[in-house]
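Let me begin by presenting the structure, written as structure tokens, before commenting on it.
Numbering (full-length UniProt numbering), first residue to last: 1 to 59.
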């Protein structure tokens, strides 16, 4: 299983812990899954999030 997929499952798990009722929790689950995927893809090196961090120069 890739880190991206594990990140999605981790995000869904956190959303399940946060709450289990209503449409708002469903949207929260999707948000957590997206954040988990992005972090997993960053750890795999598929995307670079360092450009989003303020105060860090690459040179």
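Using N, Cα and C, we set each Cβ at its ideal position, and we do this for glycine too.
Backbone secondary structure at residue 36 - three-state DSSP = One-based indexing of the chain shown puts residue 36 at position 36. Residue state, collapsed to three classes: helix.
Beta-carbon contacts of residue 32 that lie in its chain and below 6 Å, excluding the five residues immediately before and after | Against the chain shown, residue 32 aligns to sequence position 32. In chain order, 11, 14 and 15 place their CB closer than 6 Å to the CB of residue 32, counting only its own chain and leaving out the 5 sequence neighbours on each side.
In chain order, what residues of the same chain have a beta carbon less than 8 Å from the beta carbon of residue 48, not counting five sequence neighbours either side?
-> Taking the chain shown and counting its residues from 1, the one referred to as residue 48 is at position 48. Closer than 8 Å at the Cβ level, and outside the excluded window around residue 48, lie 42.
Residue 1 to residue 30 span [Cα, whole Å] = Here residue 1 refers to the residue found at position 1 of the chain shown. Here residue 30 refers to the residue found at position 30 of the chain shown. Their Cα atoms are separated by approximately 20 Å.
Alpha-carbon spacing of residue 51 relative to residue 7, whole angstroms = Working through the chain shown from its first residue, we reach residue 51 at position 51. Working through the chain shown from its first residue, we reach residue 7 at position 7. Going by the C-alpha atoms only, they are around 21 Å apart.
In whole angstroms, what is the alpha-carbon distance linking residue 53 and residue 9?
-> Counting from 1 along the chain shown, the entry for residue 53 is found at position 53. Counting from 1 along the chain shown, the entry for residue 9 is found at position 9. Taking the straight line from one Cα to the other gives about 25 Å.
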